[in-house]
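Note that the protein sequences, when read in sequence, are chains A and B. Residue numbers for the first sequence follow UniProt numbering, beginning at 1 and rising by one. Residue numbers for the second sequence follow UniProt numbering, beginning at 1 and rising by one. Cβ atoms here follow ideal geometry from the backbone N, Cα and C, with glycine treated the same way.
Protein chains: 2
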Amino acid sequence: MNRRTFLRNVSVASSVLPLASSVIPSPPAARKLGVALVGLGRYAEYMAYQVKESQYCEFRALVTGTPSKAESWGKEYNIPEKNRYNYTNFDQIKDNPDVDIVYIILPNAMHKEFAIRAAKAKKHVIVEKPMALNPAECEEMMKACKDNNVQLAVGYRLHFEPYNLEMKRLGQEKVFGSVRIVEASLGYFSGQAGEWRLNKKLAGGGPLMNLGVYCIQAGRYITGEDPVAVTAQFGPVLRKELFSEVEESITWQMEFPSGAICTSTTTCAAGIDRLYASAEQGHFELSPAISYGPFRGRSTKGEMDFPQINQQAAQMNAIGKLLLDNQPMLDHISGIEGWKDMKVIEAVYKAARSGNKVGIKW
Amino acid sequence: MNRRTFLRNVSVASSVLPLASSVIPSPPAARKLGVALVGLGRYAEYMAYQVKESQYCEFRALVTGTPSKAESWGKEYNIPEKNRYNYTNFDQIKDNPDVDIVYIILPNAMHKEFAIRAAKAKKHVIVEKPMALNPAECEEMMKACKDNNVQLAVGYRLHFEPYNLEMKRLGQEKVFGSVRIVEASLGYFSGQAGEWRLNKKLAGGGPLMNLGVYCIQAGRYITGEDPVAVTAQFGPVLRKELFSEVEESITWQMEFPSGAICTSTTTCAAGIDRLYASAEQGHFELSPAISYGPFRGRSTKGEMDFPQINQQAAQMNAIGKLLLDNQPMLDHISGIEGWKDMKVIEAVYKAARSGNKVGIKW
Numbered sequence: 001m002n003r004r005t006f007l008r009n010v011s012v013a014s015s016v017l018p019l020a021s022s023v024i025p026s027p028p029a030a031r032k033l034g035v036a037l038v039g040l041g042r043y044a045e046y047m048a049y050q051v052k053e054s055q056y057c058e059f060r061a062l063v064t065g066t067p068s069k070a071e072s073w074g075k076e077y078n079i080p081e082k083n084r085y086n087y088t089n090f091d092q093i094k095d096n097p098d099v100d101i102v103y104i105i106l107p108n109a110m111h112k113e114f115a116i117r118a119a120k121a122k123k124h125v126i127v128e129k130p131m132a133l134n135p136a137e138c139e140e141m142m143k144a145c146k147d148n149n150v151q152l153a154v155g156y157r158l159h160f161e162p163y164n165l166e167m168k169r170l171g172q173e174k175v176f177g178s179v180r181i182v183e184a185s186l187g188y189f190s191g192q193a194g195e196w197r198l199n200k201k202l203a204g205g206g207p208l209m210n211l212g213v214y215c216i217q218a219g220r221y222i223t224g225e226d227p228v229a230v231t232a233q234f235g236p237v238l239r240k241e242l243f244s245e246v247e248e249s250i251t252w253q254m255e256f257p258s259g260a261i262c263t264s265t266t267t268c269a270a271g272i273d274r275l276y277a278s279a280e281q282g283h284f285e286l287s288p289a290i291s292y293g294p295f296r297g298r299s300t301k302g303e304m305d306f307p308q309i310n311q312q313a314a315q316m317n318a319i320g321k322l323l324l325d326n327q328p329m330l331d332h333i334s335g336i337e338g339w340k341d342m343k344v345i346e347a348v349y350k351a352a353r354s355g356n357k358v359g360i361k362w
Numbered sequence: 001m002n003r004r005t006f007l008r009n010v011s012v013a014s015s016v017l018p019l020a021s022s023v024i025p026s027p028p029a030a031r032k033l034g035v036a037l038v039g040l041g042r043y044a045e046y047m048a049y050q051v052k053e054s055q056y057c058e059f060r061a062l063v064t065g066t067p068s069k070a071e072s073w074g075k076e077y078n079i080p081e082k083n084r085y086n087y088t089n090f091d092q093i094k095d096n097p098d099v100d101i102v103y104i105i106l107p108n109a110m111h112k113e114f115a116i117r118a119a120k121a122k123k124h125v126i127v128e129k130p131m132a133l134n135p136a137e138c139e140e141m142m143k144a145c146k147d148n149n150v151q152l153a154v155g156y157r158l159h160f161e162p163y164n165l166e167m168k169r170l171g172q173e174k175v176f177g178s179v180r181i182v183e184a185s186l187g188y189f190s191g192q193a194g195e196w197r198l199n200k201k202l203a204g205g206g207p208l209m210n211l212g213v214y215c216i217q218a219g220r221y222i223t224g225e226d227p228v229a230v231t232a233q234f235g236p237v238l239r240k241e242l243f244s245e246v247e248e249s250i251t252w253q254m255e256f257p258s259g260a261i262c263t264s265t266t267t268c269a270a271g272i273d274r275l276y277a278s279a280e281q282g283h284f285e286l287s288p289a290i291s292y293g294p295f296r297g298r299s300t301k302g303e304m305d306f307p308q309i310n311q312q313a314a315q316m317n318a319i320g321k322l323l324l325d326n327q328p329m330l331d332h333i334s335g336i337e338g339w340k341d342m343k344v345i346e347a348v349y350k351a352a353r354s355g356n357k358v359g360i361k362w
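What follows is the structure in structure tokens.
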């Protein structure tokens with residue numbers, strides 16, 4: 001990581017901050033917020049590494065159920081022993097002034113519990129997507145944060161990614177007229193015996209929970225609308241030994257109030273990563289679209305050309321800056337957003353199970 | 001049209017002929033087959049113009065219900081009066097040795113009648129897609145052609161188009177492993193008051209009949225399989241005054257025996273033209289994909305680079321050559337293909353109307 005890359009990343013990150021008055025890189029913040037990562041899986045590893053480039057946040061504490069991880073991560077990231085927690089003593093974090101934010105990267109079924117415990121410890125909460133197992137859990141999490149006067153965000157990294165922001169702008173500002181069709185799909189060939197993502201109780205569902213939520217997000221941020229009805233279809237199960245509890249593939253369709261339609265596929269059976277929108281007078285698309293990039297995009301007007309940024313640092317900068325400035329959470333990554341996506345996921349599963357169209361009331 | 005373009009087109013067309021022994025341009029055929037175009041609408045205009053470049057076929061007769069068109073087309077294309085027919089005296093074409101092939105480009109509801117009348121006149125039959133209104137009509141058409149010992153083809157122009165042939169090859173030869181997902185969508189912002197395509201009785205349905213059939217084809221030629229079940233959803237009607245009889249948009253999903261899924265959208269509400277396939281070890285895609293081009297394509301291995309050809313001339317060359325050589329019709333444009341697509345269309349409408357998954361028995 002050289003200085004030029006660092007400055008470019010910071011500059012880009014700044015340019016998407018709602019409160020930034022300039023794209024000129026700011027000096028390092030006088031004070032950085034301390035982040036405790038809860039759950040040290042693959043994405044936590046990525047987050048810990050990427051967040052080093054954040055201007056406003058730093059990784060200062062960890063929470064894990066695996067003592068050997070506490071040890072190895074502690075060494076690698078210079079986390080003192082007093083800042084290493086397990087799931088039992090986690091609540092003591094309330095007395096730790098090093099920690100401002102608890103970032104929950106646990107299996108989905110543990111999001112609610114740890115968000116509420118973090119809120120009670122008076123720490124701000126960031127929770128990875130999907131926010132929880134269902135909308136009711138999201139409501140409990142929002143209430144706990146409100147009651148304890150802490151902020152709550154969902155880790156929607158793409159809301160800080162320039163290609164996705166451009167898709168959102170082209171759609172919501174109706175640059176090519178009203179959006180009529182969105183196609184949003186994300187899949188990876190994935191699934192290993194023993195993984196929590198294949199366990200219905202821990203994951204709540206299959207790729208729809210983990211990957212499909214991005215497609216739902218994309219359909220929503222491109223149209224700027226919330227779907228009012230969905231239809232859905234489970235795909236075939238190609239690896240029955242792995243996908244005995246959760247779906248391997250699912251396709252679904254969302255209908256928006258304007259009449260726009262979003263069709264999506266998410267799957268563990270193949271790689272797919274694309275986002276396409278067709279509007280009255282043109283179209284715009286990304287592929288790769290949703291993964292960690294590098295992204296490529298084009299529209300009726302030609303190729304898009306944006307920098308490839310450090311999404312995690314950009315996200316943490318945006319959240320860190322507003323917390324330092326004592327501003328309210330950005331609407332587009334708030335608990336309400338996570339709750340809305342869970343409402344859609346719930347409806348999609350209901351539609352897939354029943355074979356019927358399912359309305360969503362807002 | 002210069003000589004180089006001509007030679008390039010012929011060369012490409014030859015390279016896709018099953019019987020061509022070489023890609024070196026052949027000399028003009030000693031004898032060309034005469035084509036009678038039935039129905040002088042927009043696509044007939046395009047066909048008449050493009051077929052001029054065909055090596056094996058020429059436009060020699062016309063059939064129209066509009067006397068002024070007989071006159072103007074006759075003059076433009078040097079069609080003598082004796083080769084100009086109307087819908088009443090059409091059957092006399094049996095006595096016209098100038099005509100070998102009757103190419104039917106009428107509203108869908110008229111395909112069956114004219115295919116059968118052409119067969120009885122002992123002329124080979126090419127019928128535009130969709131082949132007819134339903135599978136039963138296709139069966140009658142096939143029987144009439146068999147009984148009269150003439151050949152029957154459906155105007156599936158993309159079976160001669162290099163980018164689509166590459167998609168077919170990559171899928172069927174499993175270059176990236178088994179295909180798991182296909183996304184195939186085609187739409188145009190279209191629909192004008194009075195058009196036959198908006199009339200249920202004449203068209204049999206909306207964009208699914210006209211455009212969706214290409215997506216069904218694509219799903220089938222990329223996987224090399226026939227779908228065993230479909231689900232489908234009618235889209236919203238944005239222009240109620242135009243789309244009171246047929247759908248304005250429809251999305252549907254096809255399940256193939258291998259477990260591959262194809263999801264599609266077709267619509268008159270927006271432009272969309274794309275084809276994407278994801279397989280076990282890679283993906284491949286076209287966009288534009290299905291229209292008249294120019295096509296663009298790429299795969300996990302990089303950009304595709306094929307010539308943009310005259311699809312109509314290539315199609316007519318392939319059909320003309322095999323008729324001259326007294327060879328059987330190519331499987332992939334035969335009546336059986338048209339019938340299969342109609343079976344799928346019928347199932348898609350049934351699924352959309354009922355909201356249920358509909359199985360297809362082969």
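query                                                                                                                 : result
Proximity below 7 Å, CB of B/Glu248 to CB of B/Ala269                                                                 : yes
Span of the alpha helix (DSSP H), counted from its first residue to its last, around B/Glu76                          : 67-76
Buried versus exposed call for B/Glu245 [16 or more other C-beta atoms within 10 Å across all chains shown]           : exposed
Any chain B beta carbon closer than 7 Å to A/Ser22                                                                    : Annotation note: pLDDT 35 at A/Ser22 (below 50); position unreliable, coordinate value reported separately. A/Ser22 does not count as touching chain B.
Coil, strand or helix - B/Gly34 by DSSP                                                                               : strand
B/Pro18 versus B/His332 - alpha carbon distance                                                                       : Low confidence applies here, because B/Pro18 scores a pLDDT of 36, under 50, leaving its location unreliable and the question unanswered by this model.
Spatial distance of B/Asn9 from B/Glu161 (CA atoms)                                                                   : Any answer about B/Asn9 is weak, because its pLDDT of 41 lies below 50 and its placement is not dependable; what the coordinates show is given next. Each residue's alpha carbon lies about 11 Å from the other.
CB contact flag (B/Asp130, B/Val213, <7 Å)                                                                            : The amino acid at residue 130 of chain B is misidentified as Asp; the sequence shows Pro. Against a cut-off of 7 Å, the Cβ pair of B/Val213 and B/Pro130 comes out as a contact.
CB contact below 7 Å: A/Pro257 versus chain B                                                                         : no
Within-7 Å CB hit, A/Ala277 to chain B                                                                                : no
Boundaries of the beta strand (DSSP E) in which B/Ser264 is found, first to last residue                              : 261-267
A/Phe176 in three-state terms, based on DSSP                                                                          : coil
Contact with chain A by B/Pro236, beta-carbon distance below 7 Å                                                      : yes
Sequence-distant residues of its chain with Cβ nearer than 7 Å to A/Ala229 (five each side left out)                  : Glu255, Lys357, Val358, Gly359, Ile360
Separation of A/Gln253 from A/Cys262, as counted between CA atoms                                                     : 6 Å
Contacting residues, own chain, Cβ-Cβ under 6 Å from A/Arg84 (five flanking each side not counted)                    : Leu62, Ala70, Gly74
Neighbour-count burial assignment, A/Lys343, 16 or more Cβ in a 10 Å radius                                           : buried
Min CB distance A/Gly293 to chain B below 7 Å                                                                         : no
Nonlocal neighbours in the same chain, by C-beta distance under 7 Å from B/Trp196, ignoring five residues either side : Pro107, Leu202, Ala203
Proximity test, Cβ basis, 7 Å: A/Gly205 and chain B                                                                   : no
Limits of the unbroken alpha helix (DSSP H) element including B/Gly338                                                : 335-354
Span separating the alpha-carbon of A/Leu7 from that of A/Val35                                                       : With a pLDDT of only 34 at A/Leu7, under the threshold of 50, the placement of this residue in the model should not be trusted; the figure read from the coordinates follows. Approximately 22 Å between the Cα atoms of the pair.
Within chain A, the residues that B/Gly171 reaches when beta carbons sit closer than 8 Å                              : By Cβ distance, chain A contributes nothing, its closest Cβ being about 12 Å from B/Gly171, past 8 Å.
Short-range partners of chain A found in the stretch 94-127 of chain B, where Cβ spacing is below 8 Å                 : none
Helix, strand or coil at A/Leu84 according to DSSP, with G and I counted as helix                                     : The displayed chain sequence assigns Arg, not Leu, to residue 84 of chain A. Residue state, collapsed to three classes: strand.
Three-pair Cβ contact test at 8 Å for the stretch 293-301 of chain A versus the stretch 179-198 of chain A            : no
Cutoff 6 Å; reference A/Phe176; Cβ partners in own chain excluding five residues on either side                       : Ala279, Gln281, Gly282
Reference B/Leu170, options B/Ile309, B/Glu337, B/Met304, B/Val38, closest by Cα                                      : B/Met304
Of the residues A/Ala351, A/Ile79, A/Gln312, A/Ile216, the one placed nearest A/Arg341, counting alpha carbons only   : Per the sequence shown, residue 341 of chain A should be read as Asp rather than Arg. Nearest of A/Ala351, A/Ile79, A/Gln312, A/Ile216 to A/Asp341, Cα basis: A/Ile216.
Rounded C-alpha distance that separates B/Ile336 from A/Gln312                                                        : 54 Å
Nearest-angstrom Cα separation, counted from B/Tyr349 out to B/Gly320                                                 : 35 Å
Top-ranked residue by Cα proximity to B/Glu76, from B/Ala48, B/Lys94, B/Ala277                                        : B/Ala48
Assigned secondary structure, B/Tyr46 (DSSP; H/G/I helix, E/B strand, else coil)                                      : helix
Cutoff 7 Å: B/Ile181 Cβ touching any chain A Cβ                                                                       : yes
As assigned by DSSP and simplified to three states, the class of B/Ile222                                             : helix
Residues that B/Ile272 contacts on chain A, provided the C-beta gap is smaller than 9 Å                               : Arg180, Ile181, Glu183, Tyr276, Ser278, His283
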